[in-house]
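According to UniProt numbering, the sequence shown is numbered sequentially starting from 1.
The C-beta atom is built at its ideal place from N, Cα and C for all residues, glycine as well.
Encoded as structure tokens, the structure appears first; notes follow it.
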Amino acid sequence: MNVIEHVRDMAAAGLHSNVRILSSLLLTMSNNNPELFSPAQKYQLLVYHADAIFHDKEYRNAACKYSMALQQKKVLSKTSKVRTSTGGAAANLQAQSLPSEIEVKYKIAECYTILKLDKDAIAVLDGIPSRQRTPKINMMLANLYRKAGQERSAVTSYKEVLRQCPLALDAIIGLLSLSVKGAEVASMTMDVIQSIPNLDWLSVWIKAYAFIHAGDNQRAINTICSLEKKSLLRDNVDLLVSLADVYFRAGDTKNAILKFEQAQMLDPYLIKGMDVYGYLMAREGHLEDVEVLGGRLFNISDQHAEPWVISGCHSFYSKRYSRALYLGAKAIQLNSNSVQALLLKGAALRNMGRVQEAIIHFREAMRLAPCRLDCYEGLIDCYLASNGIREAMGMANNIYKTLGANAQTLTILATVCLEDPVTQEKAKTLLDKALAQRPDYTKAVVKKAELLSREQKYEEGIALLRNALANQSDCVLHRMLGDFLVAVNDYQEAMDQYSIALSLDPNDQKSLEGMQKMEKEESPTDATVELDGDDMEGSGEDGDLEGSDSEAAQWADQEQWFGMQ
């Protein structure tokens with residue numbers, strides 16, 4: 001047994017640090033005495049050495065060593081041709097036992113992908129002839145093509161994965177996300193479904209994800225629910241997370257949270273989808289729970305984007321926008337395809353007045369998730385913040401035409417119409433249509449209530465909000481009902497509504513301000529004291545702004561270090 005075989009056995013046994021030291025020494029010996037090892041042995045040493053470096057996560061160094069191994073393989077190929085013509089079977093046997101050149105190229109591409117050098121990774125994999133590409137090479141190529149916007153090439157590669165491995169479900173999702181018809185994708189798996197027992201659910205599964213990527217949320221929900229109810233697939237965590245995500249996309253926050261919690265109980269180490277769950281919890285005002293969730297996920301893994309997004313949502317809804325920006329950037333650094341991280345960073349930039357930079361992030365989120373309406377809403381908010389009503393109207397109309405007239409698209413279009421006095425009546429019509437479809441859709445209720453408040457139709461507004469609160473409890477709706485009740489001088493119930501709103505979200509400043517204002521009006525103090533109270537409130541607000549500026553300075557270095565736009 002020679003020394004190269006010892007290195008090979010240690011590599012196979014996972015003794016990477018030992019391989020790295022020994023292979024380094026042997027390569028130095030080879031450089032000083034080229035006759036010491038054959039070209040084949042030197043090629044093996046370079047590959048084993050590169051593998052050990054890759055295991056140590058030194059990816060740039062590993063890519064360099066793998067490239068050196070490929071150069072050595074070229075030398076070996078030239079000498080092999082001579083030996084094959086003279087030596088025969090022994091030379092062929094040696095060539096078969098060497099590390100695969102295709103595998104080495106895959107490793108180089110893997111290094112480049114981790115280093116975010118996607119173009120270099122594509123170039124390496126493109127250099128492998130199509131017939132020699134393994135399923136994992138085609139899968140990596142498909143993902144890289146999709147990320148680069150080369151959709152036709154991505155579709156071809158995903159289809160090649162399915163041809164070789166018809167149960168590659170992530171490749172199926174990739175095809176559906178690129179608008180390949182569900183029926184076409186299902187036909188590629190039909191033979192395996194019919195030949196293997198207990199796979200009859202797969203065609204329904206494909207149909208569900210086809211609905212998801214077509215933006216047909218209600219049919220997606222119905223289809224996933226039918227799958228989830230089947231005894232063999234009941235309590236599947238992946239299905240529950242997908243169902244929660246579709247509920248979220250459909251604007252059904254209550255059921256989305258419920259399904260995320262159910263999935264989390266089944267798998268306490270679950271990371272996928274928890275960024276959306278954390279965002280929903282933060283938006284609902286449960287900041288203490290969000291903080292706990294973020295800490296728990298950091299203990300599971302800090303190399304995923306999700307815990308950083310969750311902590312960023314906690315900061316954002318605590319109005320610490322500079323810190324939210326830093327955490328969003330860190331999440332993007334870990335996963336540039338994280339839609340929730342892009343939305344977090346975009347929202348933080350928008351609230352910090354950096355609207356043009358925010359627009360870039362919302363557009364990228366839209367490219368990655370064209371069926372998620374919150375991506376479009378973020379962009380529309382940016383346009384409205386910069387007085388770009390025409391751009392906002394164009395975007396809202398495009399969503400309405402592309403995704404159809406559902407409660408969400410109608411509300412988005414109405415929101416833009418409310419910004420222009422000329423289109424107020426159109427906004428009212430659109431909101432009525434949205435509420436006719438979904439009377440409990442909170443965003444539509446809020447916008448309709450805002451419109452009624454402008455028109456001073458307080459009794460109508462009270463009836464609308466009471467009806468919406470009959471089957472749900474929402475901080476914003478309770479607070480708005482309190483505002484309407486104050487307008488009709490029903491102070492006692494208004495106080496009750498503000499109290500309920502604060503119990504749902506203790507950080508809701510507007511409910512607190514409404515309650516404080518009522519307490520002052522009910523207090524028998526004279527006007528001078530009331531004026532002093534207002535001055536004190538103003539002083540408190542100034543203090544908050546000073547704290548915000550201080551925090552912005554504190555996080556400035558981190559923002560530059562993470563390359564924030």
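**Asked** What does a CB cutoff of less than 7 Å around I310 pick up in its chain, not counting 5 residues either side in sequence?
**Response** M274, D275, G278, V290, L293, G294 and L297
Suppose contacts are defined by Cβ-Cβ distances below 8 Å. Is A154 in contact with A142 by that definition?
yes
Of the choices L481, I137, K259 and A347, whose alpha-carbon is the least far from that of K457?
-> L481
- prompt: Should K401 go down as buried or exposed, given a rule of 16 or more other Cβ atoms within 10 Å for buried?
  reply: exposed
Practice problem: Could you say which of T442, R8 and A463 lies nearest to M22 if we only look at CA atoms? | Solution: Residue 22 is actually Leu in this sequence, not Met. Among T442, R8 and A463, the Cα nearest to that of L22 belongs to R8.
TODO: Pull up the distance between the alpha-carbon of H361 and that of P370, whole angstroms please.
DONE: 14 Å
Reducing DSSP to helix, strand and coil, say where N61 ends up.
helix
Taking 8 Å as the cut-off, decide whether the C-beta atoms of L239 and L232 are in contact. no
Note to self: Suppose contacts are defined by Cβ-Cβ distances below 8 Å. Is I224 in contact with V241 by that definition?
What the structure shows: no
Just checking D216 against the ligand MN - is the residue's beta carbon closer than 7 Å to any of the ligand's heavy atoms? This structure lacks the ligand MN; in fact it carries no ligand of any kind.
- Query: If you draw a straight line from the alpha carbon of R363 to that of T79, how long is it in whole angstroms?
  - Reply: 54 Å
- Pick from I4, A329 and K57 that is closest to P39, judged by C-alpha positions: I4
What is the C-beta distance between N444 and L452, in whole angstroms, given that I count them as a contact (C-beta under 8 Å)? For the sequence presented, residue 444 should be read as Ala rather than Asn. Contact flag wrong, Cβ pair sits at about 13 Å.
Tell me the rounded alpha-carbon separation between L167 and T134. 15 Å
field: Neighbourhood of A220 by C-beta distance below 7 Å, restricted to the same chain and skipping five residues each side
entry: A208, F211, I212 and V246
Does G149 pass the burial test, meaning 16 or more other C-beta atoms within 10 Å, or should it be called exposed?
exposed
Problem set entry | Straight-line gap, L287 to E306 (C-alpha atoms, nearest Å) | 16 Å
- Query: Got a sec? Which residues, its chain only, sit under 6 Å from M352 by beta carbon, not counting five neighbours each side?
  - Reply: Y321
inquiry  = Tell me the DSSP secondary structure of P268 in three-state form.
reply    = coil
### Query
Hey, how far is the Cα of P268 from the Cα of T253?
21 Å
Rounded straight-line distance, which links the Cα of S338 to that of A329
11 Å
query = How is H478 classed by DSSP in three states: helix, strand or coil?
reply = helix
| query | With A250 and L280 assumed to form a contact (beta carbons below 8 Å), what rounded beta-carbon distance in angstroms separates them? | reply | Incorrect: roughly 13 Å between the Cβ atoms, too far for contact.
Query - Reference A244, options V237, K229, C64 and F260, closest by Cα - result: F260
(Q) According to DSSP, simplified to helix, strand and coil, what is P307? (A) helix
Margin query: For A109, which residues in the same chain have their Cβ closer than 7 Å to its Cβ, ignoring the five residues on either side in sequence?
Written below: A121, V124, L125 and M140
- Go ahead and pull the three-state DSSP assignment for residue 593. With the chain running from 1 to 565 in the structure shown, residue 593 is simply not present.
Does the distance from the C-beta atom of L162 to that of M188 stay below 8 Å?
yes
Worksheet item: So the alpha helix (DSSP H) V180 belongs to, where does it begin and stop?
Response: First-last for V180: undefined, no H or E at that position.
Discussion item. Counting C-beta neighbours from all protein chains within 10 Å, is the total for A449 16 or more, i.e. buried, or is it exposed?
Written reply: buried
*Classify R354 as helix, strand or coil using the three-state DSSP reduction.*
coil
Counting only the same chain and skipping the five closest in sequence on each side, list residues whose C-beta sits under 8 Å from that of A407.
G251, A434, L435, Q437, R438, Y441 and A444
*With DSSP collapsed to three states, give me the class of F316.*
helix
In this structure, how does DSSP classify V488 when only helix, strand and coil are distinguished?
coil
- Query: For D235, which residues of its own chain have a beta-carbon under 7 Å away from its beta-carbon, when the five flanking residues on both sides are left out?
  - Reply: L266
- Task: May I have a chain-ordered list of the alpha helix (DSSP H) segments no shorter than 4 residues that lie completely inside the region 376 to 423?
- Result: 389 to 403 and 407 to 417
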